[in-house]
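Protein chains in written order, with the numbering used here: chain P, 58 to 539; chain V, 2 to 503.
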């Protein structure tokens with residue numbers, strides 16, 4: 058038994074290491090004088106690096122551990138790596154933001170690590186209870202992170218809104234879990250699937266359970282009509298946390314959505330297909346159309362992130378291997394471009410995020426050509442212009458959709474993509490074609506923000522021009538899936 | 002695979018653009034020189050394409066093919082035939098001219114301006130040489146970005162509106178084309194985006210598209226191309242973009258960008274969807290004819306010379322589409338020829354308009370009159386270009402229009418008759434405009450002391466005037482090289498239609 062326990066522990070070493078580093082940061086923070094506390098950023102980064110080593114050590118592992126609570130497969134490892142990348146970029150991007158806004162650095166970075174632990178547990182589980190625990194770990198960390206600017210009413214509003222709606226959605230999720238358990242006497246996804254296939258479960262309960270689970274997860278990934286919290290929460294949150302929220306929990310939410318729908322409820326495909334199809338169409342359309350009229354860039358990117366959730370839902374609808382691979386590809390490249398864009402937004406926003414109006418970007422194109430060019434590339438990628446990763450991602454998604462013969466869904470998707478060009482271009486218009494409205498000093502860059510921007514732009518172009526590497530990795534990651 | 006000179010020609014400009022990025026912003030002279038040298042080098046490299054082109058070979062020449070995204074069967078595959086050869090040359094000829102034309106008129110953000118000009122050149126050449134659907138789409142879209150900046154940053158009063166409109170119109174069309182491309186890829190067995198191999202599968206019967214597939218895919222492709230052409234009633238972005246763009250932008254827009262639409266139709270729509278092509282011919286020809294007459298009538302009432310030229314483009318491109326859908330040798334050859342003519346003469350017209358705009362900062366016809374007196378050289382060249390545009394014999398426009406009308410008469414007499422009225426109307430609006438601007442007394446005192454063309458301006462008009470005469474007198478040199486490719490396209494349209502019907 059000893060040997061097997063060691064083996065089991067090894068599977069959750071990434072989460073253990075993240076937790077230890079997180080706790081260490083908090084402890085250290087209390088003993089350090091204020092001027093030294095910024096070492097937390099460095100420690101958090103080391104923590105991510107150490108965790109990355111443990112995570113990569115799991116590549117190729119396949120099996121379930123802790124009585125089926127934890128599953129390790131390439132699918133979960135892909136997402137764990139994605140989360141580490143998201144975490145590293147968030148930590149790097151936030152270091153100068155924390156200094157500028159005078160936030161508590163220790164708590165901030167530790168909570169980012171805990172949030173990653175939550176996301177990791179969500180994707181590395183085949184068990185509804187475990188998924189719920191992971192989700193709560195993530196949610197509680199994010200409630201605090203959203204409200205970490207304690208003196209800022211907007212930040213408080215953001216945290217409170219997310220807390221209220223988040224608990225609400227957790228209740229839906231729990232109710233769904235309870236019903237699924239009631240119908241099948243298990244919370245294990247594979248067993249649920251088997252029970253349904255065996256025909257021994259009450260289908261009425263199952264349908265309601267699928268609906269409630271979709272609602273619960275739909276809240277987290279912000280698909281229409283469960284998206285209303287997004288703009289307010291994103292606008293009020295500290296900008297690096299907005300970036301984190303728009304990519305991390307979203308990726309985790311989609312990962313569990315795929316697992317729940319495809320492992321536990323493949324038999325009800327005919328039933329949930331219509332639901333997801335409609336939600337995809339609404340999510341894309343509402344997100345894009347409302348983004349057009351936004352004047353605050355954080356709100357615009359919030360609606361844009363809703364729209365992007367819609368594209369990913371298109372891929373969920375397809376239910377084929379290529380679609381799932383496309384989701385993996387998309388969540389990673391979306392994380393790169395969104396974190397990059399939000400990092401620049403945070404920089405331009407200056408102290409207190411006062412300059413988050415799109416018009417505040419006027420003239421940036423010629424005042425700070427490098428920064429503006431980087432933002433332009435990231436926005437063009439979000440818009441899906443070829444040679445960027447955003448285009449490659451959409452290409453894979455729509456390709457998968459056409460493979461499953463969803464012609465109309467694809468057409469609605471590409472038209473939405475064309476609509477989205479309008480508001481992304483608007484920012485570029487303002488940067489390059491309008492004269493600056495004030496004599497603000499140039500934005501101060503730090504090595505850490507510079508590296509985030511450089512990495513995201515590099516990733517966007519690399520995976521845009523040569524997507525083979527990443528898409529093949531994504532394809533291999535889902536071979537053992539289902 | 003052997004390496005092709007086309008790759009060098011395509012990517013040389015963007016290499017030059019990268020070079021500009023590392024130069025000091027303030028040294029505008031050096032920036033201009035480098036941009037000009039790079040574009041001239043591209044021109045020089047493209048000349049052997051003309052001389053070494055084998056006009057008896059209907060297939061692709063100067064081909065290169067390298068795997069790009071192997072997991073999807075996407076290749077970097079380039080090559081040219083008689084259809085694309087001259088469009089590549091048109092691009093390499095017009096680009097240095099436009100770069101030279103903006104020598105003095107672009108004062109602000111010079112580095113970025115030339116950067117985008119060179120990026121644009123790469124995009125345009127790429128569209129004409131790409132033989133892989135994915136690659137074609139990439140160039141087609143990416144080319145929008147520099148053009149958007151050229152209009153939006155260096156354009157006129159309503160430049161932002163025009164730039165965004167231009168981008169969105171093209172974008173809506175092209176995303177549908179993307180769906181069609183992916184659909185075609187799946188129908189072909191999801192192994193390749195390579196245009197020649199998909200075409201070969203169609204011809205050998207390995208890939209059969211049923212009527213409704215042909216119909217919808219044709220429409221998706223055609224919609225994207227028709228917006229670009231622009232075919233009536235999708236033309237509304239064009240007057241805005243043309244008028245607001247800086248002179249060089251207008252020249253490139255009219256000269257090359259519009260041709261991408263007609264090129265796409267000939268390259269992809271006709272051979273891949275022969276049955277749909279034949280079925281939709283009456284409708285498209287009707288739209289083309291409406292465009293011819295409508296464009297001409299609207300051009301007639303314009304008070305702004307640039308707008309007049311812009312609307313004349315709608316009319317001229319209507320001729321090109323009519324020629325293509327005559328689906329016979331004269332019509333298609335005339336259309337190909339007219340694409341070049343329009344690029345040269347409308348390009349020259351925009352340059353001339355830009356030259357008087359630089360002098361007077363207005364383009365309103367009323368402001369001028371009697372320019373023959375102070376500007377004799379300008380007036381002479383303007384006259385030649387005007388005649389070329391209305392199709393006077395011995396000049397290039399005549400050959401194209403004549404062939405198109407010949408083809409159109411063979412295909413459908415009614416359309417041809419109505420289209421002929423467009424020729425007359427074009428003579429009316431062009432000559433009337435010429436008369437009001439050039440002849441008579443110099444009424445406006447501001448026009449009395451205008452300086453005639455300087456050396457630079459003469460230099461950049463000279464090659465265009467030479468081409469106008471050359472293509473008018475010795476059209477054989479051009480038509481011979483188009484001949485086999487044009488016939489092959491027609492063969493594909495006709496023969497495949499029979500196969501499908503069986």
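Every residue, glycine too, gets a C-beta built ideally from N, C-alpha and C.
Keep in mind that this is a model prediction, so the values were computed, not measured.
Checking 8 Å against the spacing of the C-beta atoms, do residue i and residue j come in under that value?
i	j	result
residue 325(V)	residue 263(V)	yes
residue 289(P)	residue 218(P)	yes
residue 154(P)	residue 295(P)	yes
residue 323(V)	residue 291(V)	no
residue 396(P)	residue 179(P)	no
residue 36(V)	residue 13(V)	no
residue 434(P)	residue 333(P)	no
residue 248(V)	residue 346(V)	no
residue 481(P)	residue 436(P)	yes
residue 516(P)	residue 403(P)	no
residue 266(P)	residue 300(P)	no
residue 111(P)	residue 65(P)	no
residue 264(P)	residue 325(P)	yes
residue 161(V)	residue 319(P)	no
residue 525(P)	residue 66(V)	no
residue 457(P)	residue 372(P)	yes
residue 86(V)	residue 134(V)	no
residue 490(V)	residue 132(V)	no
residue 311(V)	residue 239(V)	yes
residue 485(V)	residue 59(V)	yes
Using a Cβ-Cβ cut-off of 8 Å, state whether residue i counts as contacting chain P.
i	result
residue 399(V)	no
residue 245(V)	no
residue 276(V)	no
residue 49(V)	no
residue 184(V)	yes
residue 172(V)	yes
residue 177(V)	yes
residue 150(V)	yes
residue 477(V)	no
residue 21(V)	no
Kindly say whether residue i, judged by its beta-carbon, lies nearer than 8 Å to any beta-carbon of chain V.
i	result
residue 196(P)	no
residue 529(P)	yes
residue 58(P)	Low confidence applies here, because residue 58(P) scores a pLDDT of 40, under 50, leaving its location unreliable; read the following figure in that light. No - not a single Cβ of chain V is within 8 Å of the one on residue 58(P).
residue 610(P)	As shown, chain P starts at 58 and ends at 539. That puts residue 610(P) outside it, with no answer to give.
residue 500(P)	no
residue 70(P)	no
residue 423(P)	yes
residue 486(P)	yes
residue 437(P)	yes
Just to check my reading of the structure: residue i and residue j have Cβ atoms closer than 8 Å, yes? What is that Cβ distance to the nearest angstrom?
i	j	result
residue 241(P)	residue 253(P)	7 Å
residue 315(P)	residue 431(P)	Actually they do not touch by this definition, with Cβ atoms about 32 Å apart.
residue 386(V)	residue 459(V)	Not quite, the Cβ-Cβ distance comes to about 14 Å (not below 8 Å), so this is no contact.
residue 535(P)	residue 385(P)	7 Å
residue 200(V)	residue 273(V)	7 Å
**Asked** For the segment 441–460 of chain P, which residues have a beta carbon sitting closer than 7 Å to at least one beta carbon of chain V?
**Response** 442, 443, 444, 455, 456, 459, 460
**the segment 342–349 of chain P / the segment 379–392 of chain P touching (three or more Cβ pairs under 8 Å)** = Short answer: they don't touch.
**Request:** Check whether the segment 285–301 of chain V touches the segment 316–330 of chain V, taking contact to mean three or more Cβ pairs, one atom from each stretch, closer than 8 Å.
**Result:** yes
**Message:** For the structure I just gave you, are there three or more beta carbon pairs, one from the segment 84–103 of chain P and one from the segment 151–167 of chain P, closer than 8 Å?
**Reply:** yes
**Message:** Would you call the segment 368–377 of chain P in contact with the segment 513–524 of chain P, where contact means no fewer than 3 C-beta pairs closer than 8 Å?
**Reply:** no
**Prompt:** Residues in the segment 333–346 of chain P with C-beta within 8 Å of chain V's C-beta atoms, listed in sequence order?
**Reply:** none
**Against chain V: residues of the segment 462–483 of chain P by CB proximity under 7 Å** = So the close ones are 467, 468, 471, 472, 474, 475, 478, 479, 482.
**Prompt:** Taking any Cβ of chain P, which residues in the segment 361–387 of chain V have a Cβ under 7 Å from it, in chain order?
**Reply:** none
**Message:** Taking contact to mean 3 or more Cβ pairs, one atom from each stretch, closer than 8 Å, check whether the segment 155–171 of chain V and the segment 189–207 of chain V are in contact.
**Reply:** no
**Request:** Output, in sequence order along the chain, the residues in the segment 193–221 of chain V whose CB is closer than 7 Å to any CB in chain P.
**Result:** none
**Message:** What are the residues in the segment 63–75 of chain V lying within 7 Å of chain P by C-beta distance?
**Reply:** 70, 71, 72
**Asked** Do the segment 388–404 of chain V and the segment 265–279 of chain V touch if we need at least three Cβ pairs shorter than 8 Å?
**Response** no
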